[in-house]
Amino acid sequence: MTREQREALRSLRNLPVSHGVACRYADKSGVTVITDLECDDKKIVQELHDPHHYDILPSDPTESVISTVKAWSNKWTLKGEINEDIRVYIENIGDSHPGKCKPLVKTHKQKPFPIRLLLSGCGTPIQPLSKFVQLNIRHLTEHLPFQILDTKEFLRKIDEINNTFSPLPDSVCFATCDVVALYPNVNNDMGLPAVASLLREHPSQLGIRTDCVLEALDIALTNNTCVYSDETTSTYARPNRGTAMGPSHACDYVDIFMSELDKKLVSTCPVPLLSSLVPHHLQEQYRYLDWSRFRDDGFALLLDSEHIQPFTECLQSLHPPNIKWTVSHGKSATYLDVSLSLRDGKITTDVFSKHNHSYLPPSSCHSPAVFKGFAQGIGTRLRMICSQDDDLDRRLEEYAKYLTISGWKYKTAKERLVEGAKTNRKKLLQQPRKKREKKIAWVSTYDPRVPSKTAIMNKNNHLLHASAVNKEIFPPRTIISADKKRPNLAQIYKPTVPQTHVHHGPKSKPGFFPCGNKCDTCRYSKETTVLVSPWDGRHWPIKQHLSVPPLTLFTS
78 MTREQREALR SLRNLPVSHG VACRYADKSG VTVITDLECD DKKIVQELHD PHHYDILPSD
138 PTESVISTVK AWSNKWTLKG EINEDIRVYI ENIGDSHPGK CKPLVKTHKQ KPFPIRLLLS
198 GCGTPIQPLS KFVQLNIRHL TEHLPFQILD TKEFLRKIDE INNTFSPLPD SVCFATCDVV
258 ALYPNVNNDM GLPAVASLLR EHPSQLGIRT DCVLEALDIA LTNNTCVYSD ETTSTYARPN
318 RGTAMGPSHA CDYVDIFMSE LDKKLVSTCP VPLLSSLVPH HLQEQYRYLD WSRFRDDGFA
378 LLLDSEHIQP FTECLQSLHP PNIKWTVSHG KSATYLDVSL SLRDGKITTD VFSKHNHSYL
438 PPSSCHSPAV FKGFAQGIGT RLRMICSQDD DLDRRLEEYA KYLTISGWKY KTAKERLVEG
498 AKTNRKKLLQ QPRKKREKKI AWVSTYDPRV PSKTAIMNKN NHLLHASAVN KEIFPPRTII
558 SADKKRPNLA QIYKPTVPQT HVHHGPKSKP GFFPCGNKCD TCRYSKETTV LVSPWDGRHW
618 PIKQHLSVPP LTLFTS
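Reading the sequence shown from the start, the letters are residues 78 to 633 in the numbering used here.
As structure tokens, this is what we get:
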């Protein structure tokens with residue numbers, strides 16, 4: 078960056094100090110919003126003092142939560158349900174703190190823009206326990222009949238509807254539904270039994286008992302404390318209902334809760350749904366096409382627009398007064414990143430986007446591997462979503478211009494988009510989800526001036542595999558190179574917690590310092606302020622304060 082650009086970036090980052098405002102992310106778009114910090118403080122404190130959602134705590138509850146987590150860990154370790162590695166991971170919370178509050182501005186709503194209060198789960202006492210819960214319940218979402226996992230699965234449903242029910246009656250219409258503030262309104266008295274029921278049918282893939290997982294989930298739900306600090310005071314609070322959006326377990330838990338409402342809707346709906354178009358003995362086979370849901374967004378195809386009112390009333394009656402829905406209907410609709418319309422008795426799909434199209438320019442400081450299939454991937458996505466060739470051609474031209482605006486050469490962008498769109502659409506939709514293989518990654522921050530890590534590994538793999546033991550531990554193609562992303566401009570001038578005052582305190586001592594927990598890394602390292610090259614003996618001063626990171630649980 079030029080000197081002027083660096084000064085401009087510094088000015089944006091210092092807005093909280095110089096002008097009492099801050100740059101923030103907007104919800105569901107790439108928009109940057111400048112908000113008044115005093116106004117933000119009032120909105121956040123007002124939300125935290127809402128007795129329907131939060132209980133205000135008199136002091137920092139961290140020590141109490143740590144004691145609760147460790148009591149759970151000791152109990153199930155003594156019972157032999159969790160091993161020592163899991164216990165150490167869950168109890169590595171000595172330097173934890175309450176979650177931080179962050180306002181997310183909802184610019185897609187009407188003015189004055191409301192905010193959604195996000196609670197960060199990073200660094201909290203329940204973060205490791207929440208991850209433990211997620212690893213034990215994430216497989217359950219594969220057994221929810223009306224849950225869709227992504228756009229591809231939704232498009233497969235649309236194709237199934239076209240193949241089974243085409244031509245559709247002229248009277249049909251789309252109904253798209255959205256839950257208002259889902260996460261804080263989840264009923265845990267229904268969610269916990271739903272998790273228990275599914276775990277009994279589909280036990281944890283880690284072999285953990287159901288009651289152990291449920292107790293951990295209950296602790297994670299009831300101890301997700303947070304703090305919000307302004308210039309004078311700190312407000313400590315704890316959600317008294319639902320779940321926060323930040324913890325690892327939140328998404329899977331919410332999906333399982335909503336699956337109970339899905340089944341209730343389809344079984345009690347007062348109007349005929351899509352499966353009623355087939356003979357009675359086949360209706361159960363096609364019941365899963367009656368309703369689709371991705372988290373808090375639902376979709377149904379109603380046989381007549383006059384059915385909207387009773388259908389909406391049925392939705393609102395599923396779980397009053399907590400779960401409220403907004404419903405839109407018509408001959409066309411948008412759902413996820415798909416635009417739907419009816420044409421000649423069939424549903425056609427096109428790509429839909431709410432946000433502005435700003436893409437990574439080829440001049441950005443990223444590994445060449447990042448750009449290798451970048452535009453082709455966009456072209457493949459357009460081919461998958463666009464069911465009509467004329468819509469695809471129009472979108473390829475449109476997205477080529479978006480990439481050109483972002484710094485790509487038009488000819489290169491168009492060629493790569495077209496190349497990615499050559500794949501057969503039916504073949505794309507039929508491709509199964511890839512299972513992640515276990516890999517060991519050599520991770521570093523990308524720097525174009527340093528040698529290629531992949532080339533270094535390829536050159537020296539024969540040395541590693543010369544030992545039969547090493548080859549068994551590290552099979553071929555299990556060690557990969559990976560680049561850690563540098564902070565982008567938005568992350569630099571839009572920090573999670575704006576710095577509202579200048580810090581003048583002493584800086585941490587530069588050098589490397591063992592963590593003191595007798596971990597494997599510290600056993601072979603020592604405190605030092607210089608790095609000595611093993612090749613030529615040169616000394617390189619360490620300018621930052623470095624320490625061994627906390628123990629992390631790695632899974633495939």
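Virtual Cβ for every residue (Gly too), placed ideally from N, Cα, C. What you are looking at is a predicted structure, and each value in this text was computed from that prediction instead of being measured.
Check: May I ask you to report which of helix, strand or coil DSSP gives Thr403?; Outcome: strand
Check: Using alpha carbons as the reference points, say which of Leu276, Ile203, Lys208, Arg420 lies closest to Cys250.; Outcome: Arg420
Check: Answer yes if the stretch 151-166 comes into contact with the stretch 400-408, meaning at least three C-beta pairs across the two stretches below 8 Å, and no otherwise.; Outcome: no
Check: Count the other C-beta atoms from every protein chain shown that fall within 10 angstroms of the C-beta of Gly582, then say buried if there are 16 or more, exposed otherwise.; Outcome: In this prediction, Gly582 has a pLDDT of 47, which is less than 50 and means its spatial position is unreliable; nothing more can be read from the coordinates.
Check: Locate the beta strand (DSSP E) running through Thr109, then write down its first and last residues.; Outcome: 109-113
Check: Kindly indicate which three-state DSSP category Arg193 falls into: helix, strand or coil?; Outcome: strand
Check: In chain order, what residues of the same chain have a beta carbon less than 6 Å from the beta carbon of Arg87, not counting five sequence neighbours either side?; Outcome: none
Check: Would you mind sorting Asn547 into buried or exposed? The rule is 16 or more other CB atoms within 10 Å of its CB.; Outcome: exposed
Check: May I have the straight-line CA-CA distance separating Glu451 from Thr425, to the nearest angstrom?; Outcome: Position check: residue 451 holds Phe in this sequence, whereas Glu was assumed. Spanning the two alpha carbons is a distance of roughly 26 Å.
Check: Express the C-alpha separation of Ser207 and Arg315 in angstroms, rounding to a whole number.; Outcome: 16 Å
Check: Assign Ile133 to one of three DSSP states: helix, strand, or coil.; Outcome: strand
Check: Under 8 Å by Cβ, that's how I've got Arg460 and Arg502 pegged, so tell me the actual separation to the nearest angstrom.; Outcome: 6 Å
Check: Measuring CB to CB, does Leu232 end up less than 8 Å from Leu506?; Outcome: yes
Check: Whose C-beta lies closer than 7 Å to the C-beta of Thr531 among residues of the same chain, with five residues either side of it excluded?; Outcome: Ser558
Check: Could you give the DSSP three-state label for Thr426: helix, strand or coil?; Outcome: strand
Check: Would you tell me roughly how many angstroms separate the C-alpha atoms of Asp307 and Asp118, rounded to the nearest one?; Outcome: 7 Å
Check: My output table needs one value for Gly454: the three-state DSSP class, helix, strand or coil.; Outcome: helix
Check: For Gly268, which of Asp255, Thr320, Leu226 has the nearest alpha-carbon?; Outcome: Thr320
Check: Grouping DSSP H, G and I as helix and E and B as strand, with all else coil, what is Glu383?; Outcome: helix
Check: Report yes if the CB atom of Cys463 is closer than 8 Å to the CB atom of Val428, and no otherwise.; Outcome: yes
Check: Taking the alpha-carbon positions, what's the Arg80 to His96 distance?; Outcome: 22 Å
Check: Report all residues from its chain with a CB closer than 8 Å to the CB of Arg563; omit the five preceding and five following residues, and keep chain order.; Outcome: Cys442, Thr522, Tyr523
Check: Below 8 Å on the Cβ atoms is my guess for Trp149 versus Ile285; work out the distance and round it to an integer in Å.; Outcome: Their Cβ separation, rounded to whole angstroms, is 12 Å, which puts Trp149 and Ile285 out of contact at 8 Å.
Check: When you compare only the Cα positions, how much space is there between Ile681 and Pro222?; Outcome: Any question about residue 681 goes unanswered here, given that the chain covers just 78 to 633.
Check: Excluding sequence positions up to five away, which residues of its chain have a Cβ less than 8 Å from the Cβ of Val263?; Outcome: Arg318, Gly319, Thr320, Tyr330, Val331, Phe334, Asn399
Check: Buried or exposed: where does Asp613 fall if 16 or more other Cβ atoms within 10 Å of its Cβ makes it buried?; Outcome: exposed
Check: Tell me the residue span of the alpha helix (DSSP H) that contains Leu212.; Outcome: 204-214
Check: Could you please give me the residues that DSSP links to Pro572 through a beta bridge?; Outcome: In DSSP, Pro572 forms no bridge with anything.
Check: Using CA atoms only, rank isn't needed, just tell me which of Lys488, Leu226, Pro509, Lys499 is closest to Asp374.; Outcome: Leu226
Check: Return the residue from the list Gln393, Val447, Tyr479 that minimises the CA-CA distance to Ser430.; Outcome: Tyr479
Check: Hey, out of His358, His216, Asp339, Val146, whose CA is closest to Val256's CA?; Outcome: Asp339
Check: In its own chain, which residues sit with a C-beta less than 8 Å from the C-beta of Ile133, not counting the 5 before and 5 after it?; Outcome: Leu125, His126, Thr312, Tyr313, Ala314
Check: Just mark Asp432 as buried or exposed, buried being the case when its beta carbon has 16 or more other beta carbons within 10 Å.; Outcome: According to the sequence provided, residue 432 is His. The question's Asp does not apply to it. His432 should be labelled exposed.
Check: Look up Ala490 in the DSSP assignment and say whether it is helix, strand or coil.; Outcome: helix
Check: Using DSSP with H/G/I as helix, E/B as strand and the rest coil, what is Cys592?; Outcome: coil
Check: Determine the direct distance from the alpha carbon of Pro93 to that of Leu114, and round the result to whole angstroms.; Outcome: 7 Å
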